[in-house]
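Working notes for the structure below.
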Amino acid sequence: MDTPDSSKRHLYLVDGSAYIFRAYHRLPPLTNPRGVPVGAVYGYTTMLWKLAEDLHKADGPTHLAVILDKGSTTFRNALYDQYKANRPPPPEDLVPQFPLIRDATRAFSLACIEEDDLEADDLIASYAREATRLGWDVTIVSSDKDLMQLVGTCSEGGGCIDMLDTMKNLRIGIPEVIEKFGVPPELVGDVLALMGDSVDNVPGIRGIGPKTATKLIQEHGGLENALAAAPAMKAGKLRESLIEQAEMARLSRVLVALKEDCPLPIPLEDFALGQIPRDPLAAFLEEHGFTSLLRRLDDGKGSPGPKTQLNPAKPETGAAPAAPQGSRQPLPAWPTVDLAAYQCVQSMGELQQWIARAFAARVVAIDTETSALDSMQADLVGISMALGPNDACYIPLGHRGTDMFAEMPLQLDRAEAVAALKPLLESDAVLKVGQNIKYDLTVLARHGVDVAPIDDTMVMSFCLDAGRSETGIAGHGMDELADRHLGHTTMTFKELCGTGKKAISFAEVPLADATRYAAEDADVTWRLHRLFAPRLLEEGGTRIYQRVDRPLVTVVAGMERAGIKVDRERLAGLSATFTTRIAELEAVIHEKAGGPFTIGSPKQLGEVLFDRLGYKGGKKGKTGQYSTDQSVLEGLAAQGAEVATLVLEWRQLSKLKSTYTEALQAAINPQTGRVHTSYSLVGAQTGRLSSNEPNLQNIPIRTEIGRQIRDAFVAEQGNVLLAADYSQIELRLAAHMADVPALKEAFAGGEDIHARTAMEMFGTVDRDTRGRAKTINFAILYGISRWGLAGRLGCTAEEAQAMIDRYFERFPGIQRYIHDTLEKVRECGYSETLFGRKTWFPRINSKNQAERQGSERAAINAPIQGTSADIIKRAMARMGPALIEAGLPNVRMLLQVHDELVFELPEGDVEAARPVIERVMAGAAEPSVRLTVPLGVEIGTGLSWGAAH
DNA sequence: GAGGTCACG
DNA sequence: GACGTACGTGACCTCT
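This note's numbering runs 53 ahead of the 1-based position in the first sequence.
This is the structure we're talking about:
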């Protein structure tokens, strides 16, 4: 600071919500590179920029916070239910900009505050009062007339309050307030109470406007005096109104009064301005295409520009740049992980200190420790937090004694600690970082905490490095990431809790060990986040991470938590039927085989079929074992081997019973009575989700007998299930991406695409040619080989090759797509979806032909499968807000099955929900990508999942 | 833990 | 000429 009196504090309080409305109306409707409207965000960003430029001026801010309105109702609605009821909804293209305001604030590393039940004005008033009490000067960045009540007030402390209208570049002091209202600031509230406010729906007194209100207050010196003087006034409308509506005026006075004693969620000192780190700001400016600001950021010559304060120095942690594939990147200059440095938090005082420090840090890595792996059932045992390298703590909450005689460990009351952490975990001003934070979201949601905003290092790793590994599939687990990126070997859960029968619950781990383990996880997560955030920007992963995968984390957590109801009795009934039939089959198979054997053992079955019974066609694989899979058994059955037919039926029923009818009953959550799958966001290299424990993405549908299992997935009483499918989405995307006129035309015309293919290929459409065409269409999507196609179609490789040639000829574009895709992957090492998701293929140039060809097929498929995954993920991220906006808060999204979404909704909502869901799904590529084929969506409803198809 | 099989898109 | 023979998953079973 170059101010003479360097101890003088000057607090700027930015009225963010008010600003954004004004900026919206004053600025042209800009959109960012993704087509998202950002005009108001741009205005807001330039305003913050201007304020940042004032940093080093003599009377510039030393402290700054942005205050936002949070909810739509506040305590004032309890006083007067019509308060602000007349407000029109914000313009459609402004709505998506609200959350970006927070992003912008965070990008400047500024504090951002919003509280339920309070308006921004109240928080501003409370902070302003507190600051002046301490002798600070305060500038309120706003032009809101309500806030003018605060201007000029000097307390004993000596601090003064003024306002700054950045748009008009106007300082508002006492003279300006008097000019506007005709009265000094302390009487502004009385004037406002008389005149009312039509926008906020403050009633005031009908017939009294600003002029009369000012005159009355000037004459009588205050509202109560004016009301008291009314009976003595000369008869007329004014006198009558004042008498009749005196109570309305008094209510209005309360409504316009600012609440100056709100609890302050963040201490004033934490608003201290320091250097503004460059990287997050640059990332934000780039993401939204604010290129002129970005240039100014990097242009050191602009003086007196923000350069000196918006210091472009590398982040203090020295994040390492991306490493070339395969080589270890240089390790960041951080102190090595020191398990002894972590604090075990055992008092509320210590906890409060950590919370305050986390607010100040604005980024906190968190990790929850629980008693089990299932986030829907696990009990919360503790929470760890990290604010920097080795700056981490563990808060034990649910530990037991190490044995039944041991004393209970000293720890905070769980409910009390969670309540203390809740404002931090829910604060928009603080980014919560987790490794697989979806798990923590679910656990904490069950304790009433909705964690936001979030980052997930596992998902970040996936967006950077999907498929990227010399030896195979790159994992994104914490231990692996710590080793790969930090050169650090983490404590393993096994070391701590053991395995198998001797395993103990985390709740039984002694606090000292638990602290080392849990805090280390948070510490490592914090470090990984510091590495990944700049890499995403440099390597082009920001778009897919910020726009698709990050928003999805919270959405998917919600779906998992919702679960789906299954009809236990129905499953049990099916199980019993299957059991009986399986026993019958077993007896007959053993009889035909000439003795008992384990039918479920492919090895024994092969020997029975090909050695003992002497059937032909036995093929041994590389393990020296006969193959007995479906196609082999079907071949035997065609030769008249009845036992093969019986084994096929046995296999089908055994599969259905063990994997579905039995396992699903066991998967019903005893608390919710529903089945909660867990989705992995990093499970499939192409960007698809995967589902596990239980897998709800492979519930039978293709056979009649399997389909009965789908009928056991049901809606709650009074509700129905709605299933919405993209039809032929991958073929449509192939038509678009390879630019195939005939296919695009067929999709545009709503034709049967396989029939069209049959016509092009064979000149005629019947069952047979359509079926063959369908096979070929899929073969194309999966990276064709003549051998594979020949096997599927039952023809020779030469005939298959002829068909491939014909396909390329009829559908020009396909061959070029395959060629270009492979070219790019060979060159860059990765493929990309239309939305920029990368999948790495480290073995694309392998000397091993099988390996190489396998990579080539996967590389041809990945952009198509991945783009499809991006599209449905975008639809999922938008679905919740779209349904809320449509007034359908009771429609719940439950499942995703790659090209299908399943919802549960009140029967009465079906007709309203159908078009909303259809629109969101069909339009999910836009505005990022303009497809040249329509996306078809088919919707069905029913009391069960089976019936909804 | 690996291999085989089969449920799904 | 061998290699293996369509992309992406997860669960269950048997056997080592």
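Glycine is no exception: its CB is placed at the ideal position from the N, C-alpha and C atoms. Here the structure is a predicted model, which means the values were calculated and not measured.
Problem set entry | For SER628 and MET974, the rounded distance between their alpha carbons | In the first sequence, the residue the question calls residue 974 occupies position 921. In the first sequence, the residue the question calls residue 628 occupies position 575. The alpha-carbon atoms of MET974 and SER628 are separated by roughly 36 Å.
For this session: Please name the residue in ASP250, ARG809, ALA788 and ARG583 whose C-alpha comes closest to that of THR822.
Result: The residue you call residue 822 lines up with position 769 of the first sequence. The shortest C-alpha separation from THR822 is found at ARG809.
Problem set entry | Contact set for ARG1017: own chain, Cβ-Cβ below 7 Å, skip 5 residues either direction | For residue 1017 there is no data in the structure shown, the boundaries of the chain being 54 and 1002.
For this session: Would you decide whether ALA1001 is buried or exposed? Buried here means 16 or more other CB atoms lie within 10 Å of its CB.
Result: Residue 1001 sits at position 948 when you count from the first residue of the first sequence. Per the 10 Å Cβ criterion, buried.
For this session: Using alpha carbons as the reference points, say which of PRO462, ASP456, HIS529 and HIS452 lies closest to ILE490.
Result: Position 437 of the first sequence, counting from 1, holds the residue named residue 490. When each option's Cα is compared against that of ILE490, the closest is HIS529.
For this session: Spell out the partners DSSP gives ASN745 in its beta bridges.
Result: On the first sequence, residue 745 is found 692 positions in, with the first residue counted as 1. DSSP output for ASN745 lists SER731 as bridge partner(s).
Exercise. Is the stretch 336 to 350 close to the stretch 91 to 100, with three or more CB pairs under 8 Å?
Worked result: yes
Problem set entry | Opposing strand residues paired with ASN772 [DSSP bridges] | Counting from 1 along the first sequence, the entry for residue 772 is found at position 719. DSSP lists PRO959 as partners of ASN772.
Exercise. If you pair each beta-carbon of the stretch 740 to 753 with each one of the stretch 936 to 951, do three or more pairs fall below 8 Å?
Worked result: yes
Problem set entry | Beta-carbon proximity check, ALA1003 vs ASP323, cutoff 8 Å | Nothing can be reported for residue 1003, as the shown portion of the chain is limited to 54 through 1002.
For this session: Classify SER305 as buried or exposed, calling it buried when 16 or more other Cβ atoms lie within 10 Å of its own Cβ.
Result: To locate residue 305, count along the first sequence from 1; it is residue 252. Label assigned to SER305: buried.
Exercise. Using CA coordinates, which residue listed in LEU440, PRO865, VAL562 and LYS669 is at the minimum distance from ARG580?
Worked result: Your numbering for residue 580 matches position 527 in the first sequence. Comparing Cα positions, the closest option is LEU440.
For this session: Could you pull out every residue in the same chain whose Cβ sits closer than 7 Å to the Cβ of THR56, ignoring the five residues on either side in sequence?
Result: Indexing the first sequence from 1 puts residue 56 at position 3. Only weak support exists for where THR56 lies, its pLDDT of 42 falling under 50; the coordinates are left without a value.
Problem set entry | Minimum length 4: unbroken alpha helix (DSSP H) runs contained in the stretch 163 to 219 | 173 to 186
Exercise. For THR344, which of helix, strand or coil comes out of DSSP?
Worked result: Position 291 of the first sequence, counting from 1, holds the residue named residue 344. DSSP places THR344 in helix when its eight states are reduced to three.
Exercise. Hey, how far is the Cα of ARG79 from the Cα of MET946?
Worked result: Stepping through the first sequence from its first residue, residue 79 is reached at position 26. Stepping through the first sequence from its first residue, residue 946 is reached at position 893. So the two alpha carbons sit approximately 38 Å from each other.
Exercise. Hey, quick one: how far does the alpha helix (DSSP H) through LEU247 stretch, first residue to last?
Worked result: Mapped onto the first sequence, residue 247 falls at position 194. Note, LEU247: alpha helix (DSSP H), 238 to 248.
Exercise. DSSP on ALA1000, reduced to helix/strand/coil?
Worked result: Numbered from 1 along the first sequence, position 947 holds the residue referred to as residue 1000. ALA1000 falls in the coil class under three-state DSSP.
Problem set entry | Start-to-end residues for the alpha helix (DSSP H) that takes in ASP420 | Within the first sequence, the letter at position 367 stands for residue 420. Segment 416 to 423 is the beta strand (DSSP E) holding ASP420; no alpha helix (DSSP H) there.
For this session: Confirm, please, whether the CB-CB distance from GLU637 to ILE652 is below 8 Å.
Result: Here residue 652 is taken as the residue at index 599 of the first sequence, counted from 1. Here residue 637 is taken as the residue at index 584 of the first sequence, counted from 1. Result no, Cβ atoms of ILE652 and GLU637 do not sit closer than 8 Å.
For this session: Measuring alpha carbon to alpha carbon, tell me which of SER997, SER70, ALA505 and ALA977 ends up nearest GLU960.
Result: Reading the first sequence from its first residue, position 907 is the one you call residue 960. Measuring from the Cα of GLU960, the nearest candidate turns out to be SER997.
Problem set entry | Residues bridged to CYS446 (per DSSP) | By 1-based counting over the first sequence, the position of residue 446 is 393. Its beta-bridge partners are GLN396 and MET438.
Problem set entry | Length-filtered (3 minimum) beta strand (DSSP E) runs lying within the stretch 606 to 647 | 617 to 619
Exercise. What is the rounded straight-line gap between the Cα of ILE296 and the Cα of MET286?
Worked result: Here residue 296 corresponds to residue number 243 of the first sequence, with the count starting at 1. Here residue 286 corresponds to residue number 233 of the first sequence, with the count starting at 1. Approximately 10 Å between the Cα atoms of the pair.
For this session: Run through the stretch 879 to 906 for me and flag every whole beta strand (DSSP E) of 3 or more residues, listed as ranges in chain order.
Result: 883 to 885 and 891 to 893
Exercise. Starting from LEU66 and walking both ways along the alpha helix (DSSP H), at which residues does that stretch end?
Worked result: The count along the first sequence starts at 1 and reaches residue 66 at position 13. No alpha helix (DSSP H) holds LEU66; the beta strand (DSSP E) holding it covers 63 to 68.
For this session: Have a look at ASN745 and ASP218 and give me their C-alpha separation to the nearest angstrom.
Result: Here residue 745 refers to the residue found at position 692 of the first sequence. Here residue 218 refers to the residue found at position 165 of the first sequence. Near 55 Å, if we compare the C-alpha coordinates of ASP218 and ASN745.
Exercise. Among PRO587, LEU450, SER514 and ILE642, which one has its Cα closest to the Cα of VAL562?
Worked result: Translated into positions along the first sequence, residue 562 becomes position 509. Residue LEU450 is the option with its Cα nearest to VAL562.
Exercise. What alpha helix (DSSP H) runs, 4 residues minimum, are completely inside the stretch 100 to 156?
Worked result: 128 to 132
Exercise. Closest by CA to GLU938, which one among ALA776, GLY88, GLN135 and PRO144?
Worked result: The sequence position of residue 938 within the first sequence is 885, counting from 1. Residue PRO144 is the option with its Cα nearest to GLU938.
Exercise. Taking only runs of the alpha helix (DSSP H) that begin and end inside the stretch 463 to 533, which ones reach a length of at least 4 residues, in chain order?
Worked result: 467 to 479, 490 to 498 and 510 to 518
For this session: May I ask you to list the residues that DSSP assigns as paired with PHE766?
Result: Counting from 1 along the first sequence, the entry for residue 766 is found at position 713. Bridge partners of PHE766: VAL619.
Exercise. Going by the beta-carbon positions, is the gap between PHE515 and LEU734 smaller than 8 Å?
Worked result: In the first sequence, counting from the first residue as 1, residue 515 sits at position 462. In the first sequence, counting from the first residue as 1, residue 734 sits at position 681. Taking 8 Å as the Cβ cut-off, PHE515 and LEU734 qualify as a contacting pair.
Exercise. Contact check, LEU334 vs VAL194 under 8 Å by CB: the rounded distance?
Worked result: Numbered from its first residue, the first sequence carries residue 334 at position 281. Numbered from its first residue, the first sequence carries residue 194 at position 141. Contact doesn't hold; Cβ gap of about 19 Å is too wide.
Exercise. Does the Cβ of ILE867 have 16 or more other Cβ atoms within 10 Å, making it buried, or fewer, making it exposed?
Worked result: Against the first sequence, residue 867 aligns to sequence position 814. Its Cβ being crowded by 16 or more others within 10 Å, ILE867 is buried.
For this session: In angstroms with no decimal places, state the Cα-to-Cα distance between ALA719 and ASN130.
Result: Taking the first sequence and counting its residues from 1, one reaches residue 719 at position 666. Taking the first sequence and counting its residues from 1, one reaches residue 130 at position 77. ALA719 and ASN130: Cα-Cα distance of roughly 48 Å.
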